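Down below is the structure, laid out as structure tokens.
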Amino acid sequence: MSIKSVLKDELECIIPDEKIVKQAKDFSKLFIQELNKELGGEGLEVQIFVGGSFAKNTFLKKDKYDVDVYVRFDWKYDNISKLLEKSLKRLCDAKELKYESLHGSRDYFRVFPSKEGNGFYIELIPVTKIRNPREARNVTDLSYFHVSYLKRKAKGLENEIRLAKRFMQAQNVYGAESYVHGFSGYAIECLIIHYKSFEKMLKELVKVKHGERLVIDIEKHYKRKNDVFFELNESKLHSPVIIVDPTFKERNALASLNRESFKKFQESAEKFLKNPDKSYFIEKSLDLDSLEMKSKKNNSEYLRVLLRTDRQKGDIAGTKLKKFHYFLEEELKRYFEIIEHHFVYNEDKGQRAEVHIILKPKKEIIMIGPPVNPKDSKKKIRYMEKHVEAFKRAHKDVFKKNGFWHAREKVNFNGKGFLTNWVKNNGDKMKEMGVTELKVD
Numbered sequence: 071m072s073i074k075s076v077l078k079d080e081l082e083c084i085i086p087d088e089k090i091v092k093q094a095k096d097f098s099k100l101f102i103q104e105l106n107k108e109l110g111g112e113g114l115e116v117q118i119f120v121g122g123s124f125a126k127n128t129f130l131k132k133d134k135y136d137v138d139v140y141v142r143f144d145w146k147y148d149n150i151s152k153l154l155e156k157s158l159k160r161l162c163d164a165k166e167l168k169y170e171s172l173h174g175s176r177d178y179f180r181v182f183p184s185k186e187g188n189g190f191y192i193e194l195i196p197v198t199k200i201r202n203p204r205e206a207r208n209v210t211d212l213s214y215f216h217v218s219y220l221k222r223k224a225k226g227l228e229n230e231i232r233l234a235k236r237f238m239q240a241q242n243v244y245g246a247e248s249y250v251h252g253f254s255g256y257a258i259e260c261l262i263i264h265y266k267s268f269e270k271m272l273k274e275l276v277k278v279k280h281g282e283r284l285v286i287d288i289e290k291h292y293k294r295k296n297d298v299f300f301e302l303n304e305s306k307l308h309s310p311v312i313i314v315d316p317t318f319k320e321r322n323a324l325a326s327l328n329r330e331s332f333k334k335f336q337e338s339a340e341k342f343l344k345n346p347d348k349s350y351f352i353e354k355s356l357d358l359d360s361l362e363m364k365s366k367k368n369n370s371e372y373l374r375v376l377l378r379t380d381r382q383k384g385d386i387a388g389t390k391l392k393k394f395h396y397f398l399e400e401e402l403k404r405y406f407e408i409i410e411h412h413f414v415y416n417e418d419k420g421q422r423a424e425v426h427i428i429l430k431p432k433k434e435i436i437m438i439g440p441p442v443n444p445k446d447s448k449k450k451i452r453y454m455e456k457h458v459e460a461f462k463r464a465h466k467d468v469f470k471k472n473g474f475w476h477a478r479e480k481v482n483f484n485g486k487g488f489l490t491n492w493v494k495n496n497g498d499k500m501k502e503m504g505v506t507e508l509k510v511d
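Residue 165 in the numbering used here sits at position 95 of the sequence shown, with consecutive numbering throughout.
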């Protein structure tokens with residue numbers, strides 16, 4: 071199939087159902103009116119607007135839609151999450167609506183149209199009204215400028231944006247969350263505004279070579295693109311693609327993207343361009359049978375590790391679990407060669423994640439012991455001599471190298487046994503890292 075025909079077919083699958091969209095719009099409109107009354111009754115100066123992909127008409131067809139509604143409080147107010155929840159609770163009690171509080175850089179809320187839920191919900195986000203982006207107290211305060219900009223610039227490009235978002239989702243690189251390190255919705259919208267089409271975006275981004283950094287400055291805020299590296303905060307310049315935020319020249323709108331996610335995207339994009347197929351728009355589950363077969367073929371061990379945290383699902387839980395998974399791999403690498411590994415988490419998993427690892431025990435490990443000839447006080451020398459004796463008793467095959475005693479040790483245990491024992495001895499470390507359970511299948 072040609073790219074054109076594949077994209078045409080895919081669009082038919084991802085454009086949202088008009089009936090549910092109308093229901094969401096109608097409910098949101100009434101909800102905003104009622105919330106305005108509640109907040110106004112408290113004498114609060116606010117401005118409420120619909121944002122996100124719903125406002126920009128770039129959202130995708132899915133089982134449950136989220137409508138981002140921003141409550142813009144005047145600059146003079148502090149603790150705006152608490153102010154909003156007070157009025158929200160009163161409104162939800164009166165209208166028999168269900169809501170939940172979520173923790174983030176600033177607490178926000180989800181409101182459901184009935185106690186049983188429906189095909190959509192409102193994500194209610196308190197923000198501060200600012201005159202220019204430099205005044206932002208929180209990154210969400212910039213949303214008003216993003217929505218205003220995209221409503222003007224993305225007209226006619228909505229379906230190209232939808233295709234790009236769906237492709238990124240299917241390749242597991244969609245999202246600015248720390249456990250994804252991918253492309254945010256806003257960044258994707260900016261990319262399509264810049265390249266004008268999904269296909270052109272793919273063709274240009276696959277050209278970026280490893281180690282290079284591509285600078286995209288849509289509104290030409292800088293005379294020379296290299297000026298970006300002097301003007302932006304260095305901590306925000308590590309992404310392989312830098313998008314100068316069209317609404318705020320001092321911000322990289324794609325700072326969340328890391329090289330691992332970009333490489334994954336590039337590999338998929340290159341394959342799609344060579345052989346267009348709808349399968350590139352379908353999220354694939356990890357093939358566990360294939361992993362088991364691969365481990366047997368390589369005479370290695372396959373581990374399925376289940377992790378659990380008590381932290382809030384989403385970015386907080388996902389980030390905690392991914393960080394712990396990297397730590398766990400470093401522990402395993404002391405005794406094993408990691409052939410392949412996969413970390414699996416999405417918000418639907420709540421507070422759980424899976425880690426799939428194929429590993430082999432190292433033939434031997436070298437352990438470094440005490441110095442051969444310690445040069446210190448007599449007391450310290452006597453202490454070290456005892457340490458040497460203990461080291462020799464603990465290890466059969468010892469030798470001297472570079473002024474230190476060394477020992478060769480055979481790895482006579484498997485990965486499952488190592489992790490089972492590790493959990494018994496490292497409960498405090500798991501607790502410190504926010505992990506409540508580790509189970510090996």
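Built from N, CA and C at the ideal position, the CB exists for glycine as well. None of the values given here were measured: they were computed from a predicted structure.
Cβ distance (whole Å) where residue i is taken to contact residue j below 8 Å
| i | j | result |
| --- | --- | --- |
| Asp380 | Thr506 | 5 Å |
| Val278 | Val311 | 7 Å |
| Ile409 | Asn368 | 6 Å |
| Gly189 | Tyr135 | 7 Å |
| Lys470 | Val442 | 5 Å |
| Ser151 | Asp133 | Not a contact, Cβ separation roughly 28 Å. |
Beta bridge counterpart(s) of residue i as assigned by DSSP
| i | result |
| --- | --- |
| Arg142 | Gln117, Val197 |
| Thr506 | Partner(s): none; Thr506 has no beta bridge. |
| Arg422 | Arg378 |
| His476 | Ile438, Phe469 |
| Tyr178 | Leu172 |
| Lys430 | Glu407 |
| Ile85 | Looking at the DSSP assignment, Ile85 forms no beta bridge with any residue, so it has no partner. |
| Asn322 | Val314 |
| Glu55 | Outside the shown range of the chain, which is 71 to 511, sits residue 55, and nothing can be said about it. |
| His412 | His426 |
| Tyr147 | Paired residues: none, contrary to the question. |
| Asp359 | DSSP, once it has assigned bridges, lists no residue as partnering Asp359. |
CB contact flag (residue i, residue j, <8 Å)
| i | j | result |
| --- | --- | --- |
| Asp144 | Lys199 | yes |
| Val137 | Ile102 | no |
| Val276 | Ala234 | no |
| Lys306 | Asp79 | no |
| Ile258 | Ile288 | no |
| Leu212 | Phe129 | no |
| Ser157 | Val209 | no |
| Phe335 | Val243 | yes |
| Met271 | Phe253 | no |
| Phe488 | Tyr405 | yes |
| Ile192 | Cys260 | no |
| Val141 | Val91 | no |
| Asp96 | Lys131 | no |
| Ser123 | Gly255 | yes |
| Ser309 | Asn296 | no |
| Gln382 | Leu172 | yes |
Separation of residue j from residue i, as counted between CA atoms
| i | j | result |
| --- | --- | --- |
| Ser267 | Leu508 | 45 Å |
| Gln421 | Ala240 | 22 Å |
| Arg180 | Asp357 | 34 Å |
| Phe397 | Glu108 | 48 Å |
| Val493 | Ile436 | 24 Å |
| Lys290 | Asp315 | 10 Å |
| His412 | Pro444 | 45 Å |
| Gly226 | Ser72 | 22 Å |
| Ala94 | Asn496 | 48 Å |
| Asn416 | Val120 | 25 Å |
| Val298 | Lys344 | 34 Å |
| Leu302 | Arg294 | 13 Å |
| Asn202 | Leu77 | 38 Å |
| Asn106 | Glu401 | 54 Å |
| Ile85 | Ile352 | 15 Å |
| Pro440 | Phe474 | 6 Å |
| Pro431 | Lys366 | 14 Å |
| Lys433 | Lys393 | 28 Å |
| Pro346 | Glu269 | 11 Å |
| Lys543 | Val285 | Here the chain has residues from 71 to 511 only, and residue 543 is not among them. |
| Ala325 | Ile195 | 22 Å |
| Arg321 | Asp467 | 57 Å |
| Ala125 | Pro183 | 19 Å |
| Glu407 | His395 | 16 Å |
| Lys354 | Ala246 | 20 Å |
| Ile231 | Ser370 | 43 Å |
| Ile118 | Gly111 | 15 Å |
| Met503 | Glu330 | 23 Å |
Contact test: residue i Cβ vs the ligand COA heavy atom, cutoff 7 Å
| i | result |
| --- | --- |
| Tyr350 | This structure lacks the ligand COA; in fact it carries no ligand of any kind. |
Task: Inter-stretch contact at 8 Å, needing at least 3 Cβ pairs: the region 386-395 / the region 475-483 - done: no
Open item on the list: Any contact between the region 214-221 and the region 155-168? By contact I mean 3 or more CB pairs, one from each, below 8 Å.
Closed with: no
Open item on the list: Is it the case that the region 424-443 contacts the region 364-375, given that we only count it when at least three CB pairs across the two stretches are under 8 Å?
Closed with: yes
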